[in-house]
Amino acid sequence: MSEGAGKAHEKRKIQAIKGVRDILPPETALWNRVEQTAHEVFATYGFGEIRLPIFETTELFARSIGADTDVVSKEMYTFATGYDPHSLEESIPGRTITLRPEATASVCRAYIEHGMHTLPGNVKLYYMGPMFRRERPQKGRYRQFYQIGAEVLSHSGDLKDDARVDAEVIEMLTTFFEKAGLEGTALYLNSIGCKECRPKYVELLRAALAKVKDKLGPDSQRRIETNPLRVLDSKLESEQAIIEKLPRIAEHLCPDCLEEYTEVKKQLAMRGISYTQNFRLVRGLDYYMRTTFEITAPGLGSQNAVCGGGRYDGLVELLGGPPTKGIGFAIGTDRVILSLQDMRKLPVERALEVYVAWMGEKNYPAAVKIARRLRDAGLAVELPPGEMKFGKALGLADKLGARYALIIGDDEVASGQFTVKRLEDGEQKKLGERELVAYLKAGEAP
Ligand code: ATP
Ligand code: MG
3 MSEGAGKAHE KRKIQAIKGV RDILPPETAL WNRVEQTAHE VFATYGFGEI
53 RLPIFETTEL FARSIGADTD VVSKEMYTFA TGYDPHSLEE SIPGRTITLR
103 PEATASVCRA YIEHGMHTLP GNVKLYYMGP MFRRERPQKG RYRQFYQIGA
153 EVLSHSGDLK DDARVDAEVI EMLTTFFEKA GLEGTALYLN SIGCKECRPK
203 YVELLRAALA KVKDKLGPDS QRRIETNPLR VLDSKLESEQ AIIEKLPRIA
253 EHLCPDCLEE YTEVKKQLAM RGISYTQNFR LVRGLDYYMR TTFEITAPGL
303 GSQNAVCGGG RYDGLVELLG GPPTKGIGFA IGTDRVILSL QDMRKLPVER
353 ALEVYVAWMG EKNYPAAVKI ARRLRDAGLA VELPPGEMKF GKALGLADKL
403 GARYALIIGD DEVASGQFTV KRLEDGEQKK LGERELVAYL KAGEAP
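Below, the structure written as structure tokens:
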């Protein structure tokens, strides 16, 4: 490259990568509120926060999510590390790391790694943070997106206990959505059986699909062989009537799965939680079994799922741990925010309370001191770094939406009496430092 070309390259505007985005204030205030709601609600259900790494060995996701899923086969961001991520020494060819596409696998890995099965009672963990999937970006679908999720891992209990845990997890979710202010959510429920009954159902489904093959589109025709359950997921208009007539898994569950499903429904009813059974709800990830659910919210178009979850007994064992039952969910935070924005549930942003209009270089130290005093008292204060003419300072205070302008000039510093101007109506007062704090905090004269 010539020197000239190099320079042009340096000056080119650099933009964020396709499918990722910046989240700016004031929107971040809404994010903080939603995340704070999760911290508070989940804590009342006895969950503790786990902070997980953003990348893991590729093997972790390949083994848990399943090589045949969209996530593993085409959506993962995988990199060669050049070294063994465990020893940091030797270079092992073919060893790669992956940006996490979801966090359940990481939670299970951490559960095993820290011997959490020896902890008393069920292990209840929640997490929040970014996930990465190489999908086609659109509204509510990004390549870096955010999830808030929780998992319950247990090593004892019967089917009835499991159903109660499932129902409690769903109860926690409905509480979260309620406290976050999300309205119009709907809960969809299904059981997708277990390794005993699902393969038999899949064969039944495959046979039924084979009979109507000619009427299906090319994608579904292909899936009859590769993954017939995915046909149930089809959004193709011409296939809807056909899908309605296909055998439904809930009618082909083994006695254990049926017992658990019936009990989950009973438990939800007992808790006053309404749901709709949806036999077409088959989770995208391989490791799910029995209870599966999804929550939708309004204002999102076709990307309307704000939460997906389900039971995954056996996943911990698959990853080399002891026999363990699991149930969890992941909330799509981006979509929750979009839905709240659609409902105009915007947070009240912290407004600027005091703008310090100081004049005269030698009065700057006094302005610094008083700004600090006011901030200590919890007030939001703007202290401009450079001196400004009085009119310009007041104009800026107004534009920034400050409630008060505090005027600090030679007279004020000499007398210790500061001029405060309420910008709304122009009312002015002269106050000493102590009265000033009381006045600004109370919003009225002492
Ligand atoms: P979808 O059917 O919308 O692709 P999914 O089944 O792939 O969802 P899960 O893996 O169950 O989703 O993740 C749980 C939640 O995370 C989803 O319900 C959704 O709200 C959110 N989510 C998943 N992928 C994305 C993405 N690319 N961008 C934004 N949110 C996402
Ligand atoms: Mg997906």
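For the sequence shown, my numbering assigns the number 3 to the initial residue and increments by one for each residue that follows. All C-beta atoms in this analysis are idealised placements derived from N, C-alpha and C, irrespective of residue type, glycine included.
Check                                                                                                                                            : Outcome
Let me confirm a value: Ile16 is counted as buried when at least 16 other C-beta atoms fall within 10 Å, else exposed. Which label applies?      : exposed
Assign Tyr441 to one of three DSSP states: helix, strand, or coil.                                                                               : helix
Rounded to whole angstroms, what's the CA-CA distance from Ala209 to Lys217? Just pull it up for me.                                             : 14 Å
Within 10 angstroms of its Cβ, does Pro448 collect 16 or more other Cβ (buried), or is it exposed?                                               : In this prediction, Pro448 has a pLDDT of 44, which is less than 50 and means its spatial position is unreliable; nothing more can be read from the coordinates.
In this structure, how does DSSP classify Ile56 when only helix, strand and coil are distinguished?                                              : coil
Does the distance from the CB of Leu175 to the CB of Ile297 come in under 8 Å?                                                                   : yes
Below 8 Å on the Cβ atoms is my guess for Ala252 versus Gln223; work out the distance and round it to an integer in Å.                           : In fact, because the Cβ distance is near 25 Å, the residues do not count as touching under 8 Å.
Would you identify the three-state DSSP class for Val356, choosing helix, strand or coil?                                                        : strand
Report, in whole angstroms, the separation of the C-beta atoms of Val358 and Ala369, which I expect to be a contact under 8 Å.                   : 5 Å
What would DSSP say about Leu433, mapped onto helix, strand or coil?                                                                             : strand
Among the residues of its own chain, which have a CB less than 6 Å from the CB of Asn124, if the five just before and after it don't count?      : Val154 and Ser156
Which one of Asp168, Thr120, Arg53 and Gln140 has the shortest CA to CA distance from Gly131?                                                    : Arg53
How about Gln149: is its Cβ closer than 7 Å to a heavy atom in the ligand ATP?                                                                   : yes
In this structure, how does DSSP classify Pro448 when only helix, strand and coil are distinguished?                                             : Per-residue confidence for Pro448 stands at a pLDDT of 44, beneath the threshold of 50, marking its modelled position as unreliable; no derived number is given.
Cβ-heavy atom distance between Ala332 and the ligand ATP below 7 Å?                                                                              : yes
Starting from Ser236, follow the alpha helix (DSSP H) in both directions and report where the run begins and ends.                               : That residue, Ser236, is in no alpha helix (DSSP H); it is neither H nor E in DSSP.
Under a three-way DSSP split, which group does Lys327 fall into?                                                                                 : strand
For Gly403, tell me which candidate among Gln419, Tyr441, Arg352 and Asp378 has the shortest Cα-Cα distance.                                     : Arg352
Jot down the residue ranges of each uninterrupted alpha helix (DSSP H) in the segment 8-75, minimum 4 residues, whole runs only, in chain order. : 29-46 and 60-67
What do you reckon, are the CB atoms on Ile194 and Arg285 nearer than 8 Å?                                                                       : yes
Quickly, what does DSSP pair Ala82 with across the bridge? List them, please.                                                                    : Thr98
Report yes or no: do three or more beta-carbon pairs, one from the segment 338-346 and one from the segment 181-192, lie closer than 8 Å?        : yes
Candidates Ser158, Cys110 and Gly362: which alpha carbon is nearest Pro458's?                                                                    : Given that the chain is displayed from residue 3 to residue 448, the structure contains no residue 458 and the question cannot be resolved.
Return the residue from the list Met78, Ala40 and Ala45 that minimises the CA-CA distance to Glu61.                                              : Met78
My output table needs one value for Met133: the three-state DSSP class, helix, strand or coil.                                                   : strand
Select from Ile410, Glu426 and Asp427 the residue whose C-alpha is nearest the C-alpha of Gln419.                                                : Ile410
State yes or no: is the C-beta of Arg232 nearer than 7 Å to some heavy atom of the ligand ATP?                                                   : no
Consider the C-beta atom of Asp70 and the heavy atoms of the ligand ATP; say whether any pair is separated by less than 7 Å.                     : no
Considering only C-alpha positions, which residue in the set Lys401, Gly68 and Ile150 is nearest to Glu426?                                      : Lys401
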